[in-house]
Every structure is written in structure tokens, then in C-alpha cells.
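Numbering (UniProt numbering), first residue to last: 1 to 231. Here a beta-carbon is modelled for each residue, glycine too, at the ideal position from N, C-alpha and C. Fair warning: this is a prediction, and the values are worked out from it, not measured in the lab.
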Amino acid sequence: MRTLAILSRKGGTGKTTLALHLAVAARAAGLSALIADLDRQHSAMEWARVRGPVGPAVEPVKPGALFTRQQDARRQGLDLLVVDTGPNIEGDVEQATRCADLCLVVTRPNFFDVRAVADTAALVERIGRQGVFVLNQAPPRRSGVEAPVVVEAAEGLQGLGLPLAPIGLRARAAYQQGVAMGLTAQEIDPACLAAREVTALWRWVAAALWPMPGLERRPEPADDVRPVCSA
Ligand SMILES: Nc1ncnc2c1ncn2[C@@H]1O[C@H](COP(=O)(O)OP(=O)(O)O)[C@@H](O)[C@H]1O
Ligand SMILES: [Mg+2]
């Protein structure tokens with residue numbers, strides 16, 4: 001079993017959106033996945049209530065109980081544990097980081113968000129876990145040109161201790177529409193751009209979680225879903 005922690009000390013960056021979309025992508029790839037909802041606001045649980053009994057399962061887990069739940073999940077033979085965290089509580093983020101094989105530190109491409117991720121990156125480094133920044137809600141390219149805010153964010157993230165994942169998610173209505181229906185973007189339209197970038201991100205995450213010697217980790221993105229700029 002592998003554990004993926006989704007982190008950022010700011011609210012609204014897209015942690016829960018990423019947790020849900022990646023867990024659903026994992027299931028579509030034939031893996032069993034559980035989302036541990038550490039956020040006291042329990043957004044992932046709300047989504048699960050709308051979704052009904054179709055997986056992935058979402059469970060509220062107290063941060064102090066995460067390690068035990070992780071051991072149980074391993075015993076149950078689960079493939080993937082996705083840990084969705086809340087904002088602002090360093091102790092919770094630390095628990096999630098300690099349990100993780102890979103940490104996704106989510107940030108939107110704006111000055112305040114980028115400045116706010118430095119602490120989280122330092123924590124991931126201090127605990128010695130593998131971690132990457134993931135840009136979320138990046139504006140789509142216009143005429144093939146990356147928006148200046150995205151370029152600046154990618155530059156701002158350099159030197160903060162973690163690499164930038166080669167795939168990020170753009171700001172797209174499909175993410176909001178899907179979640180509001182208890183679904184994900186890839187379930188409302190598997191051919192939409194959001195679905196394709198989620199698939200590309202999932203493939204990259206899966207290759208990082210289950211590295212195969214000799215395989216190139218960087219996925220070939222779909223034609224018009226090129227990776228979010230890495231400067
Ligand atoms: N890539 C995206 N495109 C459009 N809207 C997004 C995207 N990611 C997140 N959102 C929206 O932003 C808001 C905050 O996202 P959420 O996942 O709840 O953030 P967090 O869990 O970090 O607080 C939600 O309304 C969500 O639908
Ligand atoms: Mg959330």
C-alpha cells in the first residue's frame with residue numbers, strides 16, 4: 001500500500017479537489033483507494049454523502065489516529081490511502097506527512113499562495129518525505145502562451161526545497177460541476193480537458209508511488225493538455 005498526502009496550510013487551494021480526483025483515477029486504474037479526511041470541515045465526507053455508496057470510501061480520521069488507520073488499511077490489503085488535510089494546523093499536516101510516501105503540496109499560482117507553501121515544503125523536507133508542489137487552478141494557456149502568473153509562480157517555487165510536478169491542473173468549471181454532483185470531472189466527461197489532465201497527473205503520481213526501474217517517470221501529456229509551465 002502507498003500513502004499520498006495532500007497538503008497546504010491555506011484553504012481553497014484545491015486539496016480536497018485533488019484528493020477526490022486522484023482517488024477516483026486510482027479506482028479507474030483498478031486500485032482500491034480510501035480517502036482519510038483529516039479536515040475538520042469534512043468536505044470530502046460531504047462529497048461522499050452526495051456520491052452515495054460508490055467508492056472510493058471516505059472516512060473521517062483524527063490526525064492522531066492516522067498511523068493506526070494506515071496500519072489497518074495495510075492489513076486490509078488496500079492499494080492506496082489518500083490523506084486529505086485541512087488548512088492551518090501544523091500538527092495535522094505533520095501527522096499526514098509522517099505517514100506519506102509522497103506529499104503533494106498544492107498551491108494556486110498567486111503571490112500569497114506561493115509565499116505560504118514555504119513552511120509546508122520545509123516540513124516535508126525536515127521529515128524526509130518525497131514531496132512536490134502541484135499548481136492548481138492555473139489559468140488555461142491563451143494561444144499557446146502561459147499566463148504570466150503561472151510563469152511567476154513556477155519561478156517563485158524554485159528554491160523552496162521541492163520540485164514542481166510536471167503536471168498541474170488548470171482552472172476549469174468541470175472540477176466544480178463534478179464535485180457538486182458527488183462525481184469528478186473525469187466521470188462527467190471522460191474526454192474533457194479536465195479529465196485528461198487528471199489522468200496525466202494520476203499517471204505521474206502513480207509512477208512516483210510505484211517506481212518501475214527503467215521506466216521514464218514523466219508522462220507524455222495529451223496534445224492540448226500540456227503540463228503547467230515549469231518556467
Ligand atoms: N482546478 C480547479 N478549477 C476550478 N475550480 C477549482 C479547481 N480546484 C479547486 N476548485 C474549487 O476551489 C474551491 C476550493 O477547492 P477545495 O478543493 O475545497 O480546496 P481545499 O480543500 O484546499 O480547501 C472549490 O470550490 C473547488 O471546487
Ligand atoms: Mg479541503
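Taking the C-beta atoms as reference points, TRP204 is found nearer than 8 Å to PRO166.
Per the coordinates, the alpha-carbon of ALA26 lies some 20 Å from the alpha-carbon of LEU38.
The continuous beta strand (DSSP E) containing VAL106 extends over residues 102 to 107. Excluding the 5 residues flanking it on each side, ALA121 has same chain C-beta neighbours closer than 8 Å at VAL105, GLY131, PHE133, LEU160, GLY161 and LEU162, in chain order. Taken through DSSP and simplified to helix, strand or coil, PRO190 comes out as coil.
Residue environment for MET1: buried (at least 16 other C-beta atoms within 10 angstroms of its C-beta). In the displayed model, VAL124 falls within a helix according to three-state DSSP.
Relative to GLY91, the option among ALA73, ASP72, ILE127 and PRO109 whose CA is nearest is ILE127. For LEU20, the enclosing alpha helix (DSSP H) stretches over residues 15 to 28. By the Cβ criterion, the region 44 to 52 is not in contact with the region 68 to 78, since fewer than three pairs of Cβ atoms, one from each stretch, lie closer than 8 Å.
At the C-beta level, LEU123 and VAL93 come within 8 Å of one another. VAL132: member of the beta strand (DSSP E) spanning 130 to 135, first to last residue. Beta-carbon to beta-carbon, THR184 and ASP113 are separated by about 23 Å, too far to satisfy the 8 Å threshold.
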